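S.K.:
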Amino acid sequence: MGHLFYNELGGKAKSPISLSSDPDLALFTHVQYGYWSGTGFAPDPRLAWFFLFDYYERTGKQSADFKINSGYKNGYIFYEIKRHLGFLITKCLFLLVENVGKTLNQLFSILQDWNEILKDIPMDNYPQP
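Per our numbering, the very first residue in the sequence shown carries number 3; after that it's consecutive.
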């Protein structure tokens, strides 16, 4: 999975795969933030390997975790649904704040442009209140 993430899809550590500009990413739909591999963790059979494709600062990381605590099923997404929904809600809120910020920046830029235009127009031709 690491080869797919880094070499084939152009992923970068600590950067969500969804931000990759690699055109091959379009071949995959609904990429989850983490996947279990079918490989058990040899030193401890209670653990299994997983890889994170889109999980904050842990993105691009391969590690092992306890099967029993994390809803392990070979080939399934990594965390249980509750954690996944929490992640999605957090990501949606982040995107909302980011887009509102962009909109406010655009509005501020427009106001600055108008201020530049209006500063050259003499205001003494207009009636005063």
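Note that beta-carbon positions come from the ideal geometry of N, C-alpha and C, so glycine has one too. What you are looking at is a predicted structure, and each value in this text was computed from that prediction instead of being measured.
1) When DSSP labels each residue in this structure, what does G4 get in the three-state scheme?
2) Under the DSSP definition of a beta bridge, which residues are partnered with Q64?
3) For the beta strand (DSSP E) holding Y37, just list the boundary residues, first then last.
4) Just confirm the distance between the C-beta atoms of L54 and G62, as a whole number of angstroms; I'd bet it's less than 8 Å.
5) To the nearest whole angstrom, what separates the beta carbons of G36 and Y57, a pair I think is in contact under 8 Å?
6) Would DSSP call S22 helix, strand or coil?
M.R.: Reading from the atomic positions:
1) Translated into positions along the sequence shown, residue 4 becomes position 2. Helix.
2) On the sequence shown, residue 64 is found 62 positions in, with the first residue counted as 1. Residue pairing from DSSP places Q64 in a beta bridge opposite F53.
3) Along the sequence shown, one-based indexing puts residue 37 at 35. Run containing Y37: G36 to G42, per the beta strand (DSSP E) assignment.
4) Taking the first residue of the sequence shown as 1, we reach residue 54 at position 52. Taking the first residue of the sequence shown as 1, we reach residue 62 at position 60. In this structure L54 is in contact with G62, their Cβ atoms being roughly 7 Å apart against a cut-off of 8 Å.
5) As a working note, residue 36 is residue 34 in the sequence shown. As a working note, residue 57 is residue 55 in the sequence shown. Sure, about 6 Å apart at Cβ, within 8 Å.
6) Taking the sequence shown and counting its residues from 1, one reaches residue 22 at position 20. Three-state result, S22: coil.
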